[in-house]
Every structure is written in structure tokens, then in C-alpha cells.
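Numbering (our numbering), first residue to last: 895 to 1181. Okay, structure first, notes after.
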């Protein structure tokens, strides 16, 4: 039996997976940090002292397990817009204030109240949100101390790096609910794990522990969960501290420009171009 006949509802998903295009990292621009940003569901915290340069986006919607509802998404987009322009942000860390949960994915109760047209608009907005995270101008880290399902895993996949507690549970489970990943999962998971394995995980809606996810390469680090339930957060914060000393891309480009300017008037540069034109080995003299 053919794949489309065996899984008729998954035919659109297969087409999406077949339309993979080369993924390219978006260029860095600047950064940001505003300790007062966000509302009750999204809070922003700019760390100080030795952690200065690390900004945290804290997801705090306990009654819905950080589900991606309208208010949650709006506040997260607003926070990202502000942080993107703040030059003090060197690393952006996503974490949850809800114990045992990173992000439970779509708010299906809220979605039930939407018309078909409204669902389409909102899913497009979710896709845009994940693209904004993927295009954020500084390194992003997801600290996954609990469940990251559906859109929650898509959010983590949009980050540059992922750290998971051993007890965390993650998966693109949409197919078990008659849906398909709509916020970048069909594109980012194959680029992370390869097309064949991504298809298997999406078609089955399989859930992985943090340890299994690390074995497959879905997360960068897996750590034993602590009694406090925040082991992934602490490992992600340590990882952010390792990144802090690195030169940001704007400074790096300025350094590159200065070095290139020093090379322009040299004899060796002219000799290298002449050798290329004359199809002969160059004779450099160090001047």
C-alpha cells in the first residue's frame, strides 16, 4: 500500500517534507535587553554581574502549561522586537517558570473557538514567530526542563542551541491529533536530524526523553534533572557564559575590515593578483 493511501491525512505533510530548501543562517545585526519587557505570560530578565550580556525570556503561563495562546504569542513577539534592537544582549536564553514544562505547544482549547480562517491566520503568525527566533541576531538557547511538545519543540528548534533535562519529553505530536506541524517543524527537524529520521518522528508522533534526544542529536546537551527541576536551565546558563567572551559579529566585521585595509597597499597583494592573472605561482616577499 502506498504512503498516501496508508496515511491519507499525512499527504500534505509528505509534500512539505519533500519541498526542503537549503537552510541558511540569517545574518546578525545587533541585540537587545529590557528587564521590564513582556507581560504576565512572558517576562524578560537581563542578568547582571558576570552574567551581564545574557538575557532570559521566561515563559510563565502555568494554567495552560505555557501553551501558545494569543496573548502568549503577542507578548513574545513584542519582547523579541524590543530585544532585537538592544545592543546589550549577547545571548538570549528561553526558559520556563512552570515546573515540569517548557512549552506544551498549541493552545487547542483556544483554537477550538477560532474559525477556519482565524486558525490559518494564527498559524501563519506562529510560523512568523519561529522565524523571528531563528533570525534573532545573537545566539539563542532553549533550556528544556520539561515537556516540549508540538509548537513547544518547534520553538526550541528555532533556537540555535538546545539543552534538555534527562526527564524532559519532546516530540512533534501533531499527527496524533489529526494535525501536522505548522510552525516550521517539517523544515527544521529534517535539517537537524536528517529527512528519514524526521519523517519517522513526525509520522509516528513519537515522544523522546532528553537522553534519547541527545543521542539522536536533537539537543546539544542532556543533563540529569535536579530536585528543583531546573538542571537544563543551569546547564544552558553555563553554556551562555561560555559564549559571552566571543566577539559579536559587528565587532568581528570591523576587525576584518581593518585587517583588510592593511593588506590593500602591500606588494604581496599585487603579486598574488598578478600571479593569478599570469597563471603562475606567486612569489611573496612579505611586504
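Cβ atoms here follow ideal geometry from the backbone N, Cα and C, with glycine treated the same way.
Just curious, the beta strand (DSSP E) that residue i is in, first and last residue?
| i | result |
| --- | --- |
| residue 936 | 936-940 |
| residue 886 | Beyond the ends of the chain as shown, which are 895 and 1181, falls residue 886; an answer cannot be given. |
| residue 953 | 948-953 |
| residue 1055 | 1055-1059 |
Ordered along the chain, which non-local residues of its own chain (more than five positions away) have a Cβ less than 6 Å from that of residue i?
| i | result |
| --- | --- |
| residue 1176 | 1165, 1166, 1169 |
| residue 1077 | 1020, 1021, 1024, 1045, 1048 |
| residue 1026 | 974 |
| residue 1108 | 1116 |
Ends of the alpha helix (DSSP H) at residue i?
| i | result |
| --- | --- |
| residue 1115 | From DSSP, residue 1115 is part of no alpha helix (DSSP H) but of the beta strand (DSSP E) over 1115-1117. |
| residue 967 | 964-978 |
| residue 867 | In the structure as shown, the chain begins at 895 and stops at 1181. Residue 867 is therefore absent and cannot be evaluated. |
| residue 1133 | 1125-1137 |
I think residue i touches residue j, with their Cβ atoms under 8 Å apart; what is that distance to the nearest whole Å?
| i | j | result |
| --- | --- | --- |
| residue 1047 | residue 1064 | 5 Å |
| residue 1096 | residue 1083 | 7 Å |
| residue 999 | residue 1040 | The Cβ separation is near 12 Å, so there is no contact. |
| residue 1134 | residue 987 | 6 Å |
| residue 982 | residue 940 | 7 Å |
| residue 1087 | residue 1112 | 6 Å |
| residue 1066 | residue 948 | Actually they do not touch by this definition, with Cβ atoms about 29 Å apart. |
| residue 1008 | residue 1016 | 7 Å |
What does a CB cutoff of less than 8 Å around residue i pick up in its chain, not counting 5 residues either side in sequence?
| i | result |
| --- | --- |
| residue 954 | 934, 935, 936, 937, 960, 990, 991, 992 |
Could you check what DSSP says for residue i in three-state terms: helix, strand or coil?
| i | result |
| --- | --- |
| residue 1067 | coil |
| residue 1077 | coil |
| residue 997 | strand |
| residue 1187 | Since the first and last residues shown for the chain are 895 and 1181, residue 1187 lies out of range. |
| residue 1036 | strand |
| residue 988 | strand |
| residue 897 | Only weak support is given to the placement of residue 897: the predicted model assigns it a pLDDT of 37, under 50, and the question is left unresolved by the model. |
| residue 1016 | helix |
| residue 1041 | strand |
| residue 1102 | strand |
| residue 983 | coil |
| residue 1094 | helix |
| residue 1027 | helix |
| residue 1159 | coil |
| residue 925 | Residue placement at residue 925 cannot be trusted, given a pLDDT of 35 that sits under 50; the coordinates are not used to answer. |
| residue 1050 | helix |
| residue 1011 | helix |
Q. Counting pairs of beta carbons, one from the stretch 1054-1061 and one from the stretch 1117-1131, are three or more of them closer than 8 Å?
A. yes
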